[in-house]
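Mapped onto mature numbering (1 follows the signal peptide of the UniProt record, and there is no 0), the consecutive letters of the sequence shown carry residue numbers -22 to -1, 1 to 582.
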Amino acid sequence: MHCRKMMFQIILNVLLLIAVSADSFSSLASLKALIGAERDIPVMINAYVEKELEKLDYLKKFAQEIQESNNKAIRDGEEAITHPINAFLLIKGMTTDWNKVIKIMRSNSADDFIRNVTNQRIIKRINYPTEVDLSGAAIGILRLQDTYEMNTKDIADGKILNSKMRTVALTAGDCFEIGRVAYSENDYYHAILWMQEARERIQKETKPTADPESILDHLAFSLYKQGNLKRALLLTDELYRMNPDHPRAKGNVRWYEDLLEDEGIRRADMRRKVPPMNNPRDKSNLKDTYEALCRQEVPINTKAQSRLYCYYKMDRPYLRLAPFKVEIVHQNPLVVLFRDIVSDEEMRIIEMLAVPKARLVVYIITVCLFTTIRKGRMGCTGLGYFLARATVHNVVTGNIETAFYRTSQNSWLGSTEHEVVKRINKRLDLATNLETETAEELQVQNYGIGGHYEPHYDCSRVTSIFSNCSIIITLLCIDTRENVFEKTKNGNRIATILIYMTEPEIGGGTVFIDLKTSVSCTKNAALFWYNLMRSGAVDMRSYHAACPVLTGTKWTANKWFHESGQEWRRPCGLNQLDQERYVGDLGAPEPKRHLNIRSEKARK
């Protein structure tokens, strides 16, 4: 483990030579490329060790550990890195484990070694992880812990709910690293949980993997920030006894004592009658609902559930020969699932197109809620199509930013990219009864460690400068936002279809917050819903989110349809509240003997 820590600084030097953004934590496709990235490094290290044997005994052990890590990765296969602990350890091993080796390699032959690593990296075109990736991986672990209500000790032991994937237990140093990331994000709730776990584990380690003083220092301050002043004082006392020369211990003891004195506590009682631990987590009703839906703990409305049904969609001539299998997930508003709408082979080709084997430069593409506008169309900017970290348009600042409420990497594929893309676009036209000529290009996404997308709308909507405007007084609020779709001349995003290319072992489903509806990932199925009412008004009930991927791989492909071109495909109804009862419903009486649907009478 120590050896893996040491190589990062050297690789960081390599990273500075090439302008790329790795973001390994945001895509499992990036992690797969790292599995074999270390294979040649033991050979180069051994060559370097032979030049300075008197200094490099430690590096020989490092080479051996790297070799063992490679063999284990080969034995376990690519699937092993879909386990969040394995993914975290892979990134950690190629980031923080390198600090010690750089001190040894600053000798005469170190430059040659670094040059060899640099050349290998250029040849293999591997984007090595950075400290940003390590932080992202740790935050992904914390997100999974909250969403799926997992115990800190269980996670550290590698026990991920009902996952069958193999992993190893975290060391005290690993737990400290996760806690340190939480601490740096001012997330003292998680910092306490993981620093406590690190403290417990280091007491059982014969060779400590973390600094006990650092654990106490971080834990004490986190306890103070969460309102546990006496506990913070006791831990700082312990830190001072451990190291009287610690730069902060003595001053912090005096500071905590002064704070307790300000609260009217006598000095004699400052270390007695310690109250129970207080460690509240910042939550909201929205987050509670979102996480409960991801855990599928929200009670099902049995009356509404009883009216759901499946049917063969045959309302267009071509579909008489090859109908679509449709499952109605929610009726009002309409949300449906097209079963087996794509094949395994088609999805293999789409994935292959989205992850080119030989690309060196990675461009950031604007995606998510609002994408960049290029030549009047929504889509890719850059010289090609490839996976890049998802970014969003900040409607407040107007800037393009990488958002932590979405962790994925994605690519845009046009119909001219491959015959399969063209074929899928035609199929989506038949399935949705919507025009695809004005739709956005197919967006392919790969979610990484704890990959998720927090609650959001896909369409542009009117907002107010008043944060608490109710529905009743909405008309009195001032709209301060420019419609980001006006320049496209294609109107707002009228509907979304989301293809599940893979089926994660646990997690990764889609949830609709207001509808209290959860949809699990089903391989080769496509989820479809309308973002706008038939009147063109935003359907606020389309508020949805992607749950974090706990274990497994999640690939999706989605297409956003726009208003332009839908005048005859989805015309306005007779009143503002008209909406579909099934896909393609234009408002006529529901036919009783149409093969397309079951009759209303039959459903009753």
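We treat Cβ as the ideally placed atom computed from N, Cα and C, and that holds for glycine.
Assigned secondary structure, residue 432 (DSSP; H/G/I helix, E/B strand, else coil) | strand
Helix, strand or coil: how does DSSP classify residue 523 here?
-> strand
What are the complete alpha helix (DSSP H) segments, minimum 4 residues, inside the segment 165 to 251?
-> 166 to 180, 190 to 203, 207 to 220 and 227 to 240
Alpha carbon to alpha carbon, what distance is there between residue 25 and residue 40?
-> 13 Å
Under 7 Å Cβ to Cβ from residue 158, same chain only, skipping five residues before and after it: list those, please.
-> 196
Can the beta-carbon of residue 169 be found closer than 8 Å to that of residue 192?
-> no
Of the residues 480, 183, 127 and 248, which one's Cα is nearest the Cα of residue 323?
-> 480
Reducing DSSP to helix, strand and coil, say where residue 151 ends up.
-> helix
For residue 550, which residues does DSSP report across the bridge?
-> Answer by DSSP bridge pairing: none, since residue 550 is not bridged.
At least 3 beta-carbon pairs within less than 8 Å: the segment 545 to 560 vs the segment 488 to 505 = no
Contact the segment 386 to 400 vs the segment 480 to 494: 3+ CB pairs below 8 Å = no
Of the residues 151, 532 and 37, the one placed nearest residue 91, counting alpha carbons only = 37
Looking at the structure shown, is residue 537 part of a helix, part of a strand, or coil, going by DSSP?
-> strand
Can at least three beta-carbon pairs, one atom from the segment 139 to 154 and one from the segment 104 to 121, be found at a separation below 8 Å?
-> no
Within 10 angstroms of the Cβ of residue 176, are there 16 or more other Cβ atoms? Answer buried if so, exposed if not.
-> buried
Assigned secondary structure, residue 584 (DSSP; H/G/I helix, E/B strand, else coil) | The structure shown does not extend to residue 584, since the chain spans only -22 to 582, so no value can be given for it.
Among the residues of its own chain, which have a CB less than 6 Å from the CB of residue 130, if the five just before and after it don't count?
-> 171 and 175
Three-state secondary structure (DSSP) at residue 557?
-> coil
My guess is that residue 286 and residue 309 are in contact by the Cβ rule of under 8 Å, so how many angstroms apart are they, rounded?
-> 7 Å
If you pair each beta-carbon of the segment 482 to 490 with each one of the segment 520 to 530, do three or more pairs fall below 8 Å?
-> yes
N-terminal and C-terminal residue of the alpha helix (DSSP H) that residue 475 is part of = Careful: residue 475 lies outside any alpha helix (DSSP H), inside the beta strand (DSSP E) at 471 to 478.
Within 8 Å, strictly: CB atoms of residue 429 and residue 526 | yes
In terms of residue numbering, what span does the alpha helix (DSSP H) encompassing residue 113 cover?
-> 109 to 125
Residues bridged to residue 485 by DSSP?
-> 527
Counting Cβ pairs closer than 8 Å, one from the segment 235 to 252 and one from the segment 204 to 212, do we hit at least three?
-> yes
Would you report the Cα separation of residue 271 and residue 542, rounded to the nearest angstrom?
-> 34 Å
Are the Cβ atoms of residue 319 and residue 477 separated by less than 8 Å?
-> yes
Would you mind working out which of 138, 89, 97 and 119 sits nearest residue 483, comparing C-alpha positions?
-> 138
Whose C-alpha, out of 506, 62, 19 and 549, is nearest the C-alpha of residue 317?
-> 506
Inspect the beta-carbon positions of residue 589 and residue 328 and report whether they are closer than 8 Å.
-> The shown model of the chain, from -22 to 582, leaves out residue 589, and the question about it has no answer.
Per DSSP, which one or two residues make a beta bridge with residue 48?
-> Per DSSP, none; premise fails for residue 48.
Verify whether the separation of the beta carbon atoms of residue 202 and residue 161 is less than 8 Å.
-> no
Out of curiosity, what's the CA-to-CA distance linking residue 508 and residue 163?
-> 37 Å
Candidates 554, 231, 273 and 427, of which the one nearest residue 128 by Cα | 273
In three-state DSSP terms, what is residue 300?
-> coil
Tell me, please, which residues DSSP counts as bridged to residue 593.
-> Here the chain has residues from -22 to 582 only, and residue 593 is not among them.
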